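Participant: In the UniProt record's numbering, the protein residues as written are 1 to 671. Note that the Cβ used here is the ideal one computed from N, Cα and C, for glycine as well. In this text, all values refer to a predicted model and were calculated from it rather than measured experimentally.
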Amino acid sequence: MTKGTQADVNPDLKKERLKCNFNIQEVTFIIDGGKDKTLQRKKIEDVALNIAASIDEVPEECLNLKERYDNAVRKSCVYSNIVKNELLEITGLEALGSPGLRRTADAFFKDVSPFMLHLGMFVPTIIGQCTPEQQAHWLPKALEMQIIGAYAQTELGHGTFIRGLETTATYDPATEEFVLHSPTLTSTKWWAGGLGNTANHCIVVAQLYTKGQCHGTHPFIVPIRDLDTHEPFPGVKVGDVGIRMGFNTADNGFLRFNQYRIPRENMMMKNAKVMKDGTYVKVARHEKLTYGTMVFVRVTLVMEAAFNLAKAATIAVRYSAVRRQSQPKPGEPEPQILDYPTQQHKLFICIATAHALQLTGLWLWRTFEAVLADMRKGDTDSLPELHALSSCLKAVSTSDSAALIEQCRFACGGHGYMLSSNLPLLYSFVTATRTYEGDYTVLLLQTARFLVKAWEQAESGKVLTPTVAYLACAAAKEKVVWSDSVDGMIRSFQAVAAGKIAACAENIKRLTKTGTSLEDAWQLSTVRLVAASEAHCRAMICQAYWHEVTRLTASCSASVKIVMEQLATLYLVYWALETTGDLLRYSTICESELNKLQLKYEELLALIRPNAVGLVDAFDFRDEILHSTLGAYDGRVYERLMEEALKSPLNETSVQSSFHKYIRPLAKGKL
Ligand SMILES: CCCCCCCCCC/C=C\CCCCCC(=O)SCCNC(=O)CCNC(=O)[C@H](O)C(C)(C)COP(=O)(O)OP(=O)(O)OC[C@H]1O[C@@H](n2cnc3c(N)ncnc32)[C@H](O)[C@@H]1OP(=O)(O)O
Ligand SMILES: Cc1cc2nc3c(=O)[nH]c(=O)nc-3n(C[C@H](O)[C@H](O)[C@H](O)COP(=O)(O)OP(=O)(O)OC[C@H]3O[C@@H](n4cnc5c(N)ncnc54)[C@H](O)[C@@H]3O)c2cc1C
């Protein structure tokens, strides 16, 4: 954070910081995943943010589209040199996935870098889908930025249904080449970040044909532009998809092929190969390993959701400590808006959710690494559970984060609507995460497939994998008695999830018994299946969050343990109150217990209130990363709003030319 001198800090914020009764740094270490991780992140931030090139003299949003893109490319080049020359020196390849790198990227790009997908998907796909020989060829070039890549899977006609993609890659043994072709308008690749004008290479997911047979979708590395002139190669048509709600500097592009040839070696061959004579050889033990990059990105998106929500919460809580409004008690000064319980209700759940998603995200990352280690030994048994886990966690975390960022904007009143608050841009960025890398509903339905199977296993007494082990109790028809203890609440969330999954399984059984096909029975149950999947995910987040808080605060100071537990309890109580209908249906909760729960919630808001600013300070965002007039560490909200307003191009002259061209002639009746 950029602390400046104490004298510069808004007096209300100063008082808030004096009120804080826990050690902020200890909480920062927990959020980062350990003291060593915090130190590494700070080192990366120090190195990267010492470079003045990140600073825009004119705010990004005041530039026109082309200027914004050019500026984003300029900064991306400076930034990638820093990554290449400085940051990879610090931690090696690991730096690419480090929180430090993610945070410094936000200091450079208020919107999105056109290189984001190069680092976010092109490089990870090379690592995940290439043979060691192919990696040795492509990875150094990609890391040295000698080539810049995109990831083109989605087409104009299909995003969700990958098996329905239409782009073809047909092997020609005579020349040992693949012929890429876009047979229809709807087969045009669409959306790939960095593809429109920036990338010279692209990972293309296409239907593989060899010896007249289709083998389904496979990834290929495709050079699309000349490395010197940057002109698209003959047979390649590439461009920008048009203006978007956000991501306008991400250079999302379209791509069409006309019988375009690439060498056989450009098929990414870790999981399947095509031999010189055209023989297709399957290497992978699991059918869906070519979807590996998507699983990886979904896993990272859970912490990405936490990160962006933490930024919004920091902005809104600091602003709410500075802002004073209304006069609830006659004759008394206007209170800080943070003192209103309704404001606390809007904001404290944002802090708690950022913690919940961050700690669950770290746990998911460790699970991902363990499954990856098993797969390296040829064991893919845990992949279905990882797919189910990462699908629902990606869906729920991105959806919660987008909704709560918008809530932070509402909490900042009119000033939250200013682009200089950074809340609108943050929202437009995060709301896209609910759709990309797998739409919310579609991913919850993927998890539902796993849950229904797990339910059937539970009913037949089979051993269940850890994340669904709770179904065993429900299948044994053990009734859950409501209790507002943490364990009691978690058990009740699990009972809700189990009850909903059981109802889905029963509905499917009922329909198939009366002659409905399994596919139709599934479709007719999908509204319930999505709800069941969401309930399962919520129960899992509650359990993982509480478990991690208990584990990580075991050696912390007492005050840190208390505040972390207050937040985690708030999260559980909040969701119990949000789902009272479900609890009434699936647990023994009654009216008086609901009233008690509401009181407990209000008590927690009051307990957290004195530590609210300390809690957002613990996210440890530097001002350069927050980019917000409302959220800076010093709380000089009104000064910054005025300073930013004066940067508007509309303030460059006192009279606009449009006055002379239109308004004056209109007034004189001469228009
Ligand atoms: C410079 C700064 C850098 C800083 C970095 C910043 C980081 C920020 C982070 C962001 C990073 C990148 C940004 C990303 C931008 C967006 C990129 C994209 O959007 S790329 C495109 C993504 N597209 C999708 O996600 C498509 C979604 N669709 C699917 O995943 C699948 O098609 C489907 C799962 C919905 C269906 O697939 P299908 O083949 O039809 O499978 P079935 O439904 O029939 O299921 C069969 C069977 O397979 C199992 N399955 C499915 N998927 C998987 C999987 N991935 N792994 C394991 N198993 C899988 C499924 O469960 C079924 O199993 P059963 O046993 O039969 O039930
Ligand atoms: C900002 C942004 C960046 C992107 N970047 C990339 C990129 O770099 N590379 C890339 O390849 N792609 C990218 N995408 C594309 C993205 O992955 C897809 O948009 C996403 O997977 C959703 O697919 P779709 O657009 O086909 O939606 P659709 O599948 O058409 O969804 C439309 C609606 O239909 C519903 N629906 C679809 N199928 C089902 C079903 N089986 N059951 C129930 N409901 C269903 C959905 O829930 C949704 O409500 C990006 C998208 C965005 C917005």
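(1) Between Ala432 and ligand 2, is the CB less than 6 Å from at least one heavy atom?
(2) Would you mind reading off the limits of the alpha helix (DSSP H) that contains Ile126?
(3) Here's the rule: buried if 16 or more other CB atoms are within 10 angstroms of the residue's CB, otherwise exposed. What is Ile243?
(4) Which residues in the same chain as Thr526 place their Cβ atom closer than 7 Å to its Cβ, once the five residues preceding and following it in sequence are excluded?
(5) Taking the alpha carbon of Cys537 as the point to measure from, which residue in Ile508, Val496, Asn71 has its own alpha carbon closest?
(6) Taking Val283 as part of the alpha helix (DSSP H), name the residues at either end of that continuous run.
(7) Kindly give me the distance between the Cβ atoms of Leu443 and Leu309, rounded to whole angstroms, as I take these residues to be in contact under 8 Å.
(8) State buried or exposed for Ala645, treating a residue as buried only when at least 16 other CB atoms are found within 10 Å of its CB.
(9) Which residues share a DSSP beta bridge with residue 684?
(10) For Asn271, which residues in the same chain have their Cβ closer than 6 Å to its Cβ, ignoring the five residues on either side in sequence?
(11) Grab me the residues of Thr131's own chain with a C-beta within less than 6 Å of its C-beta, minus the 5 sequence neighbours each way, in chain order.
(12) Taking 6 Å as the cut-off, is the beta-carbon of Asp439 closer than that to any non-hydrogen atom of ligand 2?
(13) Assign Val481 to one of three DSSP states: helix, strand, or coil.
(14) Using a Cβ-based criterion (distance less than 6 Å to any ligand heavy atom), does Ala48 qualify as near ligand 1?
(15) Any heavy atom of ligand 2 inside 6 Å of the beta-carbon of Gly159?
(16) At the 7 Å Cβ level, is Lys282 part of the contact set with chain C, yes or no?
(17) Please classify Gly194: is it buried, with 16 or more other beta-carbons within 10 angstroms of its beta-carbon, or exposed?
(18) Can you name the start and end residues of the alpha helix (DSSP H) that Glu565 belongs to?
(19) Mapping DSSP to helix, strand and coil, what is Arg636?
(20) At a threshold of 6 Å, does His387 count as lining ligand 3 (C-beta to nearest heavy atom)?
(21) Per DSSP, Ala72 forms a beta bridge with which residues?
(22) Identify every run of the alpha helix (DSSP H) within the region 524–558, keeping only runs that are complete inside it and at least 4 residues long; order them along the chain.
(23) Is it right to say Tyr427 is buried, meaning 16 or more other beta carbons lie within 10 angstroms of its own, or is it exposed?
(24) Among the residues of its own chain, which have a CB less than 6 Å from the CB of Arg491, if the five just before and after it don't count?
(25) Which residue from Val322, Ile90, Lys311, Ala48 puts its Cα closest to that of Tyr638?
(26) Going by beta carbon distance, what residues of the same chain come within less than 6 Å of Phe659, once the five residues before and after it are set aside?
(27) Hey, how far is the Cα of Phe296 from the Cα of Asp379?
(28) For Gly239, does the three-state DSSP call read helix, strand or coil?
(29) Would the beta-carbon of Thr314 fall within 7 Å of that of Phe619?
(30) Using only the heavy atoms of ligand 2, determine whether one of them is closer than 6 Å to the beta carbon of Tyr436.
(31) Whole alpha helix (DSSP H) runs in the UniProt domain "Acyl-coenzyme A oxidase N-terminal" (23–148) with 4 or more residues, listed along the chain?
(32) How is the beta strand (DSSP E) around Val205 delimited, first residue to last?
(33) Work out the CA separation of Val299 and Phe368 for me, nearest whole Å.
(34) Could you check the C-alpha separation between Gly216 and Gln259 for me, to the nearest Å?
(35) Would you call the region 623–643 and the region 414–422 touching, i.e. three or more CB-CB distances under 8 Å?
(36) Say yes only if the C-beta of Val442 is nearer than 6 Å to one or more non-hydrogen atoms of ligand 2, and no if none qualify.
Facilitator: Checking against the coordinates, here is how it stands:
(1) The count along the sequence shown starts at 1 and reaches residue 432 at position 432. The answer is yes for Ala432.
(2) If you number the sequence shown from 1, residue 126 lands on position 126. 123–129 is the extent of the alpha helix (DSSP H) around Ile126.
(3) As a working note, residue 243 is residue 243 in the sequence shown. Exposed, since its Cβ has fewer than 16 Cβ neighbours within 10 Å.
(4) Along the sequence shown, read from residue 1 onward, the residue named residue 526 stands at position 526. If we look at Thr526 and ignore the five residues flanking it on each side, its Cβ neighbours are Leu445.
(5) Here residue 537 refers to the residue found at position 537 of the sequence shown. With distances taken between Cα atoms, Cys537 lies closest to Val496.
(6) If you number the sequence shown from 1, residue 283 lands on position 283. It is not in any alpha helix (DSSP H) - Val283 carries neither H nor E in the DSSP assignment.
(7) To locate residue 443, count along the sequence shown from 1; it is residue 443. To locate residue 309, count along the sequence shown from 1; it is residue 309. Contact doesn't hold; Cβ gap of about 19 Å is too wide.
(8) Here residue 645 is taken as the residue at index 645 of the sequence shown, counted from 1. Result: exposed.
(9) Absent from the structure is residue 684, since the part of the chain shown begins at 1 and ends at 671.
(10) Position 271 of the sequence shown, counting from 1, holds the residue named residue 271. Closer than 6 Å at Cβ, skipping near neighbours: Val283, Ala284, Leu289, Thr290.
(11) As a first step, residue 131 must be located in the sequence shown, where it is residue number 131. Around Thr131: Met269, Lys270.
(12) Residue numbering aside, residue 439 sits at position 439 when the sequence shown is read from its first letter. Yes.
(13) Position 481 of the sequence shown holds residue 481. Residue state, collapsed to three classes: coil.
(14) Numbered from 1 along the sequence shown, position 48 holds the residue referred to as residue 48. No.
(15) Taking the first residue of the sequence shown as position 1, residue 159 is located at position 159. Gly159: yes, Cβ under 6 Å from ligand 2.
(16) Among the chains in the structure shown there is no chain C, since it carries only a single protein chain.
(17) Reading the sequence shown from its first residue, position 194 is the one you call residue 194. Its Cβ being crowded by 16 or more others within 10 Å, Gly194 is buried.
(18) The residue given as residue 565 occupies position 565 in the sequence shown. Counting along the chain, the alpha helix (DSSP H) containing Glu565 begins and ends at 558–578.
(19) The residue labelled residue 636 in the question sits at position 636 within the sequence shown. Looking at Arg636 - three-state DSSP - the assignment turns out to be coil, as it is neither helix nor strand.
(20) Of the ligands one can find in the structure shown, namely ligand 1 and ligand 2, none is ligand 3.
(21) Within the sequence shown, residue 72 is the residue found at index 72, counting from 1. The partner list for Ala72 (beta bridge, DSSP) is empty, contrary to what the question assumes.
(22) 526–552
(23) Indexing the sequence shown from 1 puts residue 427 at position 427. It is buried - the Cβ of Tyr427 has at least 16 other Cβ atoms within 10 Å.
(24) In the sequence shown, residue 491 corresponds to position 491, counting from 1. The residues are Val480.
(25) Taking the sequence shown and counting its residues from 1, one reaches residue 638 at position 638. Considering only alpha carbons, the answer is Val322.
(26) Stepping through the sequence shown from its first residue, residue 659 is reached at position 659. Same-chain partners within the cutoff: there are none.
(27) Reading the sequence shown from its first residue, position 296 is the one you call residue 296. Reading the sequence shown from its first residue, position 379 is the one you call residue 379. Their backbone Cα atoms lie some 18 Å apart in a straight line.
(28) For this step, residue 239 is matched to residue 239 along the sequence shown. Three-state DSSP puts Gly239 in a strand.
(29) Indexing the sequence shown from 1 puts residue 314 at position 314. Indexing the sequence shown from 1 puts residue 619 at position 619. A contact, by the Cβ cut-off of 7 Å.
(30) Residue 436 sits at position 436 when you count from the first residue of the sequence shown. Answer for Tyr436: yes, Cβ within range of ligand 2.
(31) 24–32, 35–49, 65–82, 88–91, 99–108, 123–129, 132–143
(32) Here residue 205 refers to the residue found at position 205 when the sequence shown is read from its first residue. Note, Val205: beta strand (DSSP E), 201–210.
(33) Numbered from 1 along the sequence shown, position 368 holds the residue referred to as residue 368. Numbered from 1 along the sequence shown, position 299 holds the residue referred to as residue 299. Cα-Cα distance, rounded: 8 Å.
(34) Within the sequence shown, residue 216 is the residue found at index 216, counting from 1. Within the sequence shown, residue 259 is the residue found at index 259, counting from 1. Looking at the two C-alpha atoms, the distance is approximately 19 Å.
(35) yes
(36) Numbered from its first residue, the sequence shown carries residue 442 at position 442. Yes - ligand 2 has a heavy atom lying nearer than 6 Å to the Cβ of Val442.
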